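Asker: A single structure is presented below for examination.
This is how it looks when you write it as structure tokens:
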């Protein structure tokens, strides 16, 4: 009991120290301010785009659809991406920044031996570092999301409905899971690499592969497996699409894009091409309730959580088996 109490105290002290280091780091504040700046710019662009759309609809005697406040998160301006796109791109960068030197910097500075010599369990070190980074990401995501929401209400004058606010909160929670996944990947590379620069380069290379190159690889493999798709064969086209989609869903970036599509656009009823075509035949035009949207994105959310658990578990096992006292 005394050992457990001492370990809990050591965990709390180490967690508070790591959290303080993150929140006082100039790297963190630079990226956080960058996220706020691009969020403000994307909000202005979204408001301008929606204003133009409203004027055109009014001139044609039409009405805009419901859930207009959600469109502030997903609508891009004429020269800038949407806020959801910036979260998908900058989220991994923030997660990598918080974790790429979690262990390697301690090893290089000679302080890892001192931490391991304290009366705490060995896994307390990596657990406290990951939890501190995850809490920092939680504060970052919800701070930026609440500022964007408040700015959207003030600038656009659109009053969000309770369901829209619920969708925004759930979306921000999934973005937090997405960023925590990249934190777990960064911690894994930090355990495996002796130098922080090597861990950072490895994480960035993996991020670029998942974000930009995996879709090209998936399209190429689908074309090789189903060559009839290029000739317009319907069955091959559908099979190639599903194979390409299945490969792309390895990427956290693609999973988050699907979550954003369903959660922030209640008009999307399915992500599968055949289900979408079948639902259009005789379907009544209506919005998907929040519960049904959650059922649509539940597999993507579970996949991101599973990937985060696997990456952190691999880093945990490697850290527990690594010799650090030499």
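Numbering (my numbering), first residue to last: 308 to 633. Think of the CB as a built atom: it goes at the ideal place given N, C-alpha and C, for glycine as much as any other residue. These figures come from a predicted structure and were not determined experimentally.
Check residue 356 in the structure and name its three-state DSSP category.
Answerer: helix
Asker: By Cβ distance, which residues of its chain are closer than 8 angstroms to residue 473, with the 5 residues on each side in sequence left out?
Answerer: Non-local beta-carbon contacts of residue 473 in its own chain, meaning distances under 8 angstroms to residues more than five positions away in sequence, involve 597 in chain order.
Asker: So, at 8 angstroms on beta carbons, what are the nonlocal neighbours of residue 594 in its own chain, with the 5 sequence-adjacent residues on each side left out?
Answerer: 373, 374, 573, 574
Asker: Quick one: grab the DSSP three-state call for residue 630.
Answerer: coil
Asker: Keeping to the same chain, check which residues put their C-beta closer than 8 angstroms to that of residue 619; ignore five residues upstream and five downstream.
Answerer: 437, 491, 494, 495
Asker: For residue 369, collect the residues of the same chain with a Cβ closer than 7 angstroms to its Cβ; drop the 5 residues on either side in sequence, then sort them by chain order.
Answerer: Any reading at residue 369 is ruled out, since the residue's pLDDT is 48, under 50, leaving its predicted position unreliable.
Asker: Cα-Cα, which of 345, 351, 599 is closest to residue 459?
Answerer: 351
Asker: Along the chain, where does the alpha helix (DSSP H) containing residue 398 start, and where does it finish?
Answerer: 390-406
Asker: Kindly indicate which residue of 606, 501, 389, 519 has the alpha-carbon position closest to the one of residue 416.
Answerer: 501
Asker: Extract the residue ranges of the alpha helix (DSSP H) inside the segment 425-494, only unbroken runs of 4 or more that lie entirely within it.
Answerer: Runs of the alpha helix (DSSP H) inside the segment 425-494: 430-463.
Asker: Out of 514, 481, 546, which has the shortest C-alpha to C-alpha gap to residue 605?
Answerer: 481
Asker: Below 9 angstroms between beta carbons: does that hold for residue 444 and residue 432?
Answerer: no
Asker: With a threshold of 16 other CB atoms inside 10 Å of the CB of residue 333, please say whether the residue is buried or exposed.
Answerer: With fewer than 16 other Cβ atoms within 10 Å, it is exposed.
Asker: Relative to the alpha-carbon of residue 513, which residue among 541, 429, 400 has its alpha-carbon at the smallest distance?
Answerer: 400
Asker: Roughly how many angstroms separate the alpha carbons of residue 345 and residue 393, rounded to a whole number?
Answerer: 7 angstroms
Asker: Are the beta-carbon atoms belonging to residue 434 and residue 318 less than 9 angstroms from one another?
Answerer: The answer is yes: Cβ separation under 9 angstroms.
Asker: Count Cβ pairs between the segment 514-524 and the segment 558-568 that sit closer than 8 angstroms; are there 3 or more?
Answerer: yes
Asker: Can you list, in chain order, the residues of its chain whose CB lies under 6 angstroms from that of residue 533, leaving out five sequence neighbours each side?
Answerer: 543, 546, 547
Asker: For residue 329 and residue 439, which I take to be in contact (beta-carbon distance under 8 angstroms), what is that distance rounded to the nearest angstrom?
Answerer: 6 angstroms
Asker: Helix, strand or coil: how does DSSP classify residue 410 here?
Answerer: coil
Asker: Can you give me the Cβ contacts of residue 551 inside the same chain, cut-off strictly under 7 angstroms, excluding the 5 residues immediately before and after it?
Answerer: 525, 526, 529
Asker: Measure the C-alpha to C-alpha separation of residue 555 and residue 342 and round it to an integer number of angstroms.
Answerer: So the two alpha carbons sit approximately 26 angstroms from each other.
Asker: With a threshold of 16 other CB atoms inside 10 Å of the CB of residue 408, please say whether the residue is buried or exposed.
Answerer: Counting of Cβ neighbours within 10 angstroms places residue 408 among the buried residues, the total reaching 16 or more.
Asker: Ignore the nearest five residues each way along the sequence and tell me which others in residue 321's own chain have a CB closer than 6 angstroms to its CB.
Answerer: Sequence-distant partners of residue 321 (beyond 5 residues in either direction) whose C-beta falls short of 6 angstroms from its own C-beta, in its chain, are 435.
Asker: The alpha helix (DSSP H) that contains residue 549, what's its start and end?
Answerer: 541-555
Asker: As a quick exercise: from 499, 466, 609, pick the residue whose alpha carbon is nearest that of residue 488.
Answerer: 609
Asker: Assuming residue 375 is part of the alpha helix (DSSP H), what are its boundary residues?
Answerer: 375-381
Asker: Quick check: the Cα distance between residue 402 and residue 356, rounded to an integer number of angstroms?
Answerer: One C-alpha to the other measures close to 31 angstroms.
Asker: Go ahead and label residue 336 buried or exposed: buried means 16 or more other beta carbons lie within 10 angstroms of its beta carbon, across all protein chains shown.
Answerer: exposed
Asker: Taking all protein chains shown into account, do 16 or more other C-beta atoms lie within 10 angstroms of the C-beta of residue 447, making it buried, or fewer, making it exposed?
Answerer: buried
Asker: Going by alpha carbons, who is nearest to residue 339 out of 454, 413, 389?
Answerer: 454
Asker: Excluding the 5 residues flanking residue 442 on each side, which residues of the same chain have their C-beta closer than 7 angstroms to its C-beta?
Answerer: 326
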